[in-house]
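Below is one structure, written out as structure tokens; the observations come after it.
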Amino acid sequence: MLLAILPVLSSCGSIFAYKATVATLIATSHGVFQDPKVNLKNKNYAAADFMYQEIKDKIPLGSVIVAKPLGEADNSNITSPFGLYISEGVGQRFQSLGYKNVILYDVAPYGNRSLYPKPVSYNFPDYILNGSYAVKAKTVDVYLRIIDARSKEVVGTFDYAMPLSREIRKMSENETRIFRIKK
């Protein structure tokens, strides 16, 4: 590789230009300038629109749907701001599609539950919106499910992948937890 860039480096002239060129080449080789732009709101709305086509004849508009945070694929008890954001966005879109009883209290971003009213007393939700996500080397796989809370039957599903940008990588990081194991 050095032989390929040697003509570029030799034409730099000054030491400052040389350093700037080397820094740019290193950054480019590590993908710094190729960070994909992902519009998460559009992705959430598209996922909800797709799921709506699948559930519109199965779930009445007056049903209570509780949105739960998406968990990590390898440990569903662990979530992150990314897991909250996806469920929140899909739930918001369901609200705009006519499902007025979508409860977003559990997916309020950064624990700011004052964004959504505390759920009024309901005996049992009719449906649960949840799922999981898996962060891979260059993508994030998202697995969304709508489950009938009584029968545990999956009534709606949508799986998709999106490029792993720096923003999504940061959002998908979770708090480190230390567990003690009793012997």
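One rule links them: number in this note's numbering = place in the sequence shown (from 1) + 4. Heads up, the beta-carbon is just placed ideally off N, CA and C, and yes, glycines get one too. Keep in mind the model is a prediction, meaning the values are calculated, not measured.
C-alpha distance - residue i paired with residue j, whole-angstrom precision
i           : j           : result
residue 88  : residue 112 : 7 Å
residue 95  : residue 41  : 23 Å
residue 90  : residue 66  : 22 Å
residue 151 : residue 187 : 38 Å
residue 47  : residue 185 : 40 Å
residue 120 : residue 100 : 15 Å
residue 85  : residue 62  : 30 Å
residue 80  : residue 143 : 19 Å
residue 54  : residue 117 : 28 Å
residue 110 : residue 149 : 16 Å
Supposed contact pair residue j and residue i - C-beta distance, whole angstroms, cut 8 Å
i           : j           : result
residue 129 : residue 153 : 5 Å
residue 51  : residue 164 : 6 Å
residue 93  : residue 156 : Rounded, the Cβ-Cβ distance is 25 Å, inconsistent with contact.
Range covered by the alpha helix (DSSP H) that runs through residue i
i           : result
residue 91  : 85-100
residue 46  : 44-59
residue 149 : That residue, residue 149, is in no alpha helix (DSSP H); its beta strand (DSSP E) goes 143-152.
residue 172 : 170-175
Cut-off 6 Å between Cβ atoms - residues of its own chain near residue i, not counting five sequence neighbours on either side
i           : result
residue 68  : 105, 126, 129, 130
residue 139 : 176
residue 98  : 52, 106
residue 74  : 87, 90, 91, 135, 136, 137
residue 145 : 138, 165
Enclosing beta strand (DSSP E) for residue i [first to last residue]
i           : result
residue 69  : 69-71
residue 134 : 131-139
residue 3   : Nothing about residue 3 can be reported from this structure: the residues present for the chain run from 5 to 187 only.
Contacting residues, own chain, Cβ-Cβ under 7 Å from residue i (five flanking each side not counted)
i          : result
residue 82 : 75, 76, 178
Chain-order list of residues whose beta-carbon lies under 8 Å from that of residue i (same chain, five-residue window excluded)
i           : result
residue 173 : 139
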